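Chemist:
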Amino acid sequence: MRLEKYLVQCGVASRKKIKTAIAEGRVTVNGKIEVNDATDVEWGDDIITFDGIIPQKKQLKYYIMYKVSGYITAMEDENKKTVAELLPDYVDKNSVFPVGRLDRDTEGLLLFTSDGDLSHAMAHPDNDMKKTYYVELDKEISQDDILALEQGVTLDTNYNALPGEVEFLDSKSIHLTITEGKYHQVKKMLKAVKNKVTYLKRVKFGNLTLENMSPGEVKEIKREDIILEYK
Ligand code: URA
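Following this line, the structure appears as structure tokens:
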């Protein structure tokens, strides 16, 4: 892998600072100063130093949060409560970040990780990451509305949403599965069929679910628990 990526995975500094440090001659590979950040290095085979210290590979972390209403998806904010406040003390809040976002009033599954590659891969369209939402509605939903959602509605931003999958639960609640994640997407999709979301909860993200979790809970998972088709 590239020298720069190796050092990113050690968590020694931000990618930008690592690039600068390499260019400044502060990094050695097998005893020699290396100023090319693209130099090929391997875990275990090469000895790298950064400012004279041999850094170790940082353990990448993965957590599922059952988000509750009232918290914005951000790690810090001057005025509003953030999801970072729901993370237990044992989680290193300086290294993890949320993958995607849920609105302040939306509940449900939010993934946190320190793995930038995974987060990037999850956002890649080829991965077709399905997100399933439990949606409660203000008005009864008709068969025509369901058909429209399944064919792809046009949002108030003029964006044509991809077809969703709808599971009818009762006249005022559905499961809606989508692969996109535009701002307020579910609320806007329901607005497009002249309805209004009164409660929203993400119940599934890819293969991950909230099974056996209670509101507000956070649990650590392993990288192997997350299934990605395209990497
Ligand atoms: N769609 C929304 O409208 N809100 C969310 O929080 C997630 C999806």
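The sequence shown begins at 278 in my numbering and counts up one residue at a time.
Backbone N, C-alpha and C define an ideal beta-carbon position, used for all residues, glycine too.
Treat the numbers as computed from the prediction; the structure is a model and nothing was measured.
1. Can S396 and V376 be called in contact, C-beta distance under 7 angstroms?
2. Beta strand (DSSP E) containing M342: first to last residue?
3. Decide if V312 is buried, meaning its Cβ has at least 16 other Cβ atoms within 10 Å, or exposed.
4. Rounded to the nearest angstrom, how far is the Cβ of L487 from that of V480, given a contact under 8 angstroms?
5. Once you ignore the five residues that flank V289 on each side, which residues in its own chain have a CB closer than 7 angstroms to its CB?
6. Give me the DSSP bridge partner(s) of N437.
7. Residue ranges of each beta strand (DSSP E) run of no fewer than 3 residues wholly in the segment 313-372, ordered along the chain?
8. What does the shell around the ligand URA hold, if a residue joins when its beta-carbon is under 5 angstroms from any heavy atom?
9. Going by DSSP, what residues sit across from Y268 in a beta bridge?
10. Between which two residues does the beta strand (DSSP E) harbouring T383 extend?
11. Check the DSSP bridge columns for E444 and list the partner residues they point to.
12. If you draw a straight line from the alpha carbon of M378 to that of K370, how long is it in whole angstroms?
13. Find the nearest neighbour of E413 within the set I451, F389, S291, judged by alpha-carbon distance.
14. Pair every Cβ in the segment 401-412 with every Cβ in the segment 453-473, then say whether three or more of these pairs are closer than 8 angstroms.
15. Using alpha carbons as the reference points, say which of G429, D380, S346, I341 lies closest to P365.
16. Starting from K416, trace the beta strand (DSSP E) both ways and give me its first and last residue.
17. Are K335 and V373 closer than 7 angstroms when you measure CB to CB?
18. Taking DSSP's pairing of strands, which residues face P375 in a bridge?
Modeler: A quick look at the data gives this:
1. yes
2. From DSSP, the beta strand (DSSP E) with M342 extends over 339-344.
3. exposed
4. Yes, L487 and V480 are in contact; Cβ-Cβ is about 6 angstroms, under 8 angstroms.
5. I295, F327, P332
6. T431
7. 325-327, 339-344
8. L379, D380, T383, H461, Q462, V463, K464
9. This structure cannot speak to residue 268, because the chain is shown only from 278 to 508.
10. No beta strand (DSSP E) holds T383; DSSP gives it neither H nor E.
11. Beta-bridge pairing links E444 to H452.
12. This sequence places Arg at residue 378; Met is not what is there. Those two C-alpha atoms are separated by around 17 angstroms.
13. I451
14. yes
15. Scanning G429, D380, S346, I341 for the CA closest to the CA of P365 turns up I341.
16. Note, K416: premise wrong, no beta strand (DSSP E); not H, not E.
17. no
18. F389
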